[in-house]
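This report concerns only the one structure given below.
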Amino acid sequence: MTYVCIECGAEFQYEELLRSKMKCNSCSEKRSNIWIKKRPENITKVVIGR
Numbered sequence: 003m004t005y006v007c008i009e010c011g012a013e014f015q016y017e018e019l020l021r022s023k024m025k026c027n028s029c030s031e032k033r034s035n036i037w038i039k040k041r042p043e044n045i046t047k048v049v050i051g052r
């Protein structure tokens, strides 16, 4: 799964984040709450409303 830093937009794999202890190697931010999952283009999120 690919994760994107919300501070600088850099993309990393989850294994790389674990090795660097959740630190962004591009902007040097070290927080666990700056990462969002990047969805593949062919998989869409489906929201079902009532």
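Under the working numbering, residues 3 to 52 are what the sequence shown spells out, in order. Where is the CB? At the ideal position from N, CA and C, for every residue including glycine.
Nonlocal neighbours in the same chain, by C-beta distance under 6 Å from residue i, ignoring five residues either side
i, result
"Lys25", "Lys32"
"Glu13", "Thr4 and Val6"
Nearest residue (CA-CA) to residue i, options the options
i, options, result
"Met3", "Cys10, Trp37 and Ser30", "Trp37"
"Leu20", "Gly11, Cys29, Tyr5 and Cys10", "Tyr5"
"Glu9", "Ser30, Glu18 and Glu17", "Ser30"
Same chain, Cβ closer than 7 Å to residue i, five either side skipped, listed in chain order
i, result
"Gln15", "Thr4"
"Lys39", "Met3 and Tyr5"
8 Å Cβ cutoff met for residue i and residue j
i, j, result
"Ser28", "Cys7", "yes"
Segments assigned beta strand (DSSP E), at least 3 residues, entirely inside the region 4-41: List check, beta strand (DSSP E) in window: 4-7, 13-15 and 37-40.
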